[in-house]
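Heads up: the structure comes next, in structure tokens.
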Amino acid sequence: MIRALERACDLLEILSHSSEPLGLSQLAAAANLHSATCANLLKTLMARGYVDQVAPRKGYQLGPMAYYLARQGPWRKDLVRVATPFMSGLARLTEESVVLATLHQGRWYQLAEVRGDQPVQANQVSGGLSVYRTATGRVLLAYLPEEAYVVLARHGMPGEAWPEVGTNVDALAEAGRLIREAGGLVEYGTQDGVARVAFPVWEQEQVVAALGVYLPDFRFEGEHEKLVIAGAMEAAKEIEKALDPEREREDWDEFVRGGKK
Numbered sequence: 039m040i041r042a043l044e045r046a047c048d049l050l051e052i053l054s055h056s057s058e059p060l061g062l063s064q065l066a067a068a069a070n071l072h073s074a075t076c077a078n079l080l081k082t083l084m085a086r087g088y089v090d091q092v093a094p095r096k097g098y099q100l101g102p103m104a105y106y107l108a109r110q111g112p113w114r115k116d117l118v119r120v121a122t123p124f125m126s127g128l129a130r131l132t133e134e135s136v137v138l139a140t141l142h143q144g145r146w147y148q149l150a151e152v153r154g155d156q157p158v159q160a161n162q163v164s165g166g167l168s169v170y171r172t173a174t175g176r177v178l179l180a181y182l183p184e185e186a187y188v189v190l191a192r193h194g195m196p197g198e199a200w201p202e203v204g205t206n207v208d209a210l211a212e213a214g215r216l217i218r219e220a221g222g223l224v225e226y227g228t229q230d231g232v233a234r235v236a237f238p239v240w241e242q243e244q245v246v247a248a249l250g251v252y253l254p255d256f257r258f259e260g261e262h263e264k265l266v267i268a269g270a271m272e273a274a275k276e277i278e279k280a281l282d283p284e285r286e287r288e289d290w291d292e293f294v295r296g297g298k299k
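Okay, here's the thing in structure tokens:
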């Protein structure tokens, strides 16, 4: 019964990552299930409203109950509510896309995203990525206490997801140390042509999220590069201050206006 529940959850997660309906064979392959087993699970999920079939013999998509569960707002909506104004300001300042992400039980979750205004944008998936593949994930991993490295048990070593680390445990520890030493992560010149900047967001002496900006490599240069890095760093600090009302806050609006000059 527990195994069936895990498989049903796998199917829901696979559907949540797709913008188009998926066929039975696609779902079965993605979930590593026999087609008959997959069909039976989908039948149950459809009966409960969590999955919907577009038409007979057509693809499957999330059903109304899947969205109903999130009717109270996003997970960690307290953090999202505080961070959103600063994310919007950073997106206006840089005209690039801004994300807020966190870890839960070793998995990377994107809490919120504000898209930039540039005509060409880099693509980022909102879920289903390995913690190792994103700058925000790597920053969050770097600040985990050693005893909380459940991510290793769940995901294994990075391998191709983080080529500089691969399967070397010492390299992973060193990468984390360098991120902590720098106070964040700046990446560019990678194979996918996407530049990434990420900084930790602290609350009560622990990192609860990471703020990131991602953009095409060709725009990450000169004054714009400096603006993206400085803006992301400042926005992360402002979110921290907003999470702690006792801390003195800077004039964030003034910072954004100054950066746009």
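Each residue of the sequence shown is one higher than the one before, counting from 39 in the numbering used here.
In this text, a Cβ means the ideal position worked out from N, Cα and C, and glycines have one as well.
Subject >> residue 74: first and last residue of the uninterrupted alpha helix (DSSP H) it sits in >> reply: 73 to 85
Original post:
Run through DSSP, which three-state label would residue 140 get?
Top reply: strand
Original post:
Of the residues 95, 79 and 176, which one's Cα is nearest the Cα of residue 234?
Top reply: 176
Subject >> residue 80 and residue 90 closer than 8 angstroms at C-beta >> reply: no
Original post:
Near residue 280, which residues of its chain fall below 6 angstroms by C-beta distance, leaving aside the five closest residues on each side in sequence?
Top reply: 120
**OP:** Starting from the C-beta of residue 164, find all residues in its chain whose C-beta is less than 7 angstroms away, skip the five residues before and the five after it, and write them out in chain order.
**Re:** Caution applies to residue 164, whose pLDDT of 49 falls short of 50 and renders its modelled position unreliable; the model cannot decide the point.
Original post:
Which residue from 248, 72 and 154 puts its Cα closest to that of residue 172?
Top reply: 248
**OP:** Output the distance between the C-alpha atoms of residue 30 and residue 198, rounded to the nearest integer angstrom.
**Re:** Outside the shown range of the chain, which is 39 to 299, sits residue 30, and nothing can be said about it.
Original post:
Roughly how many whole angstroms lie between the Cα atoms of residue 267 and residue 224?
Top reply: 8 angstroms
Original post:
Can the beta-carbon of residue 88 be found less than 8 angstroms from the beta-carbon of residue 50?
Top reply: yes
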